[in-house]
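In the working numbering, the protein residues as written are -15 to 286.
Yeah, the Cβ is synthetic: ideal placement off N, Cα and C, and Gly gets one too.
None of the values given here were measured: they were computed from a predicted structure.
Contents: one structure, followed by commentary.
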């Protein structure tokens, strides 16, 4: 049997739960897919799929097997793409995953120029705060807060991820300017909802980090929504400096420098990083994208 082809069929079946869709993806009859899977199960002496007239789903062992073979299949695909594209001009589908706020405010504005420079590259953008496993997920480049997860992932720092308290001049004129972190409890706050929870406002005390409890005016997982609310005078926001610097410079927002630093986590994420697999950088479409994004977004430390 052609075990590699069977593994590709099985991986697609695991994702699509459909013999018909898998057959169409590989342009073969559904009966061919069924025979390959049966041969693979016979070889492994394990049932990988539960079949019924209504659905196809993985067995418990099938799900485990799928997770184990996926990185290997991905590496094989990368190796083939590398060989095919090594001498070619940048082209093909390029998958980029970025945090929503950073993607919208910083990444999206430069992509029109990128597409004009490399018209044969099709951009597939995915904005999410969820962590991305570059060795498992079909993502070429990711932009996230934090360091590289392992030595096979390259992390290029684009900017710091320092959070600052800010409010509009109109809000401060109406409610007054807080001078200490305790004053914040008398103000309205605009809060960001992360993937798992609403981000707290923390301050360092002798006994450890403690949460502040200003009255919440608005909660959103969309950074631009919070930014607009802050500019409209609805409350005080704690947002990344890279997202508010332009408004601070133009005066539509004012930075609040209090007696103590306020954070969203005890250990501050030290930067926004461009992440990619070391091997993939040799593929032209990935290489030019990494270089372009770094050139346009990487900030020289002050």
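Tell me which residues share the same chain as residue i and place their Cβ nearer than 6 Å to its Cβ, disregarding the 5 neighbours each side in the sequence.
i           : result
residue 231 : 237
residue 76  : 269
residue 172 : 199, 201 and 219
residue 142 : 256, 258, 281 and 282
Using only CA atoms, which one of the options lies nearest to residue i?
i           : options               : result
residue 98  : 247, 272 and 282      : 272
residue 196 : 169, 153 and 282      : 169
residue 12  : -8, 24 and 29         : -8
residue 89  : 212, 221, 244 and 235 : 212
residue 56  : 44, 33, 121 and 107   : 121
residue 276 : 181, 96 and -13       : 96
residue 47  : 1, 20 and 62          : 1
residue 64  : 263, 279 and 225      : 263
residue 26  : 35, -13, 200 and 198  : -13
residue 140 : 200, 93, 16 and 261   : 261
residue 156 : 178, 217, 34 and 207  : 217
residue 239 : 45, 153, 102 and 100  : 153
residue 60  : 190, 44 and -11       : -11
How long is the line joining the alpha carbons of residue i and residue j, rounded to whole angstroms?
i           : j           : result
residue 22  : residue 259 : 39 Å
residue 42  : residue 166 : 54 Å
residue 250 : residue 219 : 23 Å
residue 204 : residue -2  : 34 Å
residue -5  : residue 29  : 18 Å
residue 151 : residue 158 : 11 Å
residue 242 : residue 280 : 33 Å
residue 180 : residue 234 : 33 Å
residue 24  : residue 192 : 56 Å
residue 39  : residue 74  : 40 Å
residue 244 : residue 162 : 12 Å
residue 8   : residue 20  : 15 Å
If you check the beta carbons only, do residue i and residue j fall under 8 Å apart?
i           : j           : result
residue 202 : residue 174 : yes
residue 105 : residue 78  : yes
residue 87  : residue 111 : yes
residue 109 : residue 80  : yes
residue 127 : residue 267 : no
residue 84  : residue 113 : yes
residue 274 : residue 125 : yes
residue 145 : residue 93  : no
In the DSSP assignment, what residue or residues form a beta bridge with residue i?
i           : result
residue 143 : 256
residue 128 : 257
residue 111 : 82
residue 87  : Partner(s): none; residue 87 has no beta bridge.
residue 41  : 34
residue 151 : 238
residue 138 : 260
residue 221 : 150 and 174
residue 200 : 173
residue 188 : 193
residue 54  : BP columns for residue 54 are empty, so no partner.
To which residues of the same chain is residue i closer than 7 Å at the C-beta, ignoring the five residues directly before and after it?
i           : result
residue 183 : 175, 176 and 248
residue 49  : 32
residue 228 : 148, 150, 211 and 237
Which residues in the same chain have their Cβ closer than 8 Å to the Cβ of residue i, if we skip the five residues on either side of it in sequence?
i           : result
residue 246 : 147, 149, 165, 168, 185, 186, 187, 196 and 222
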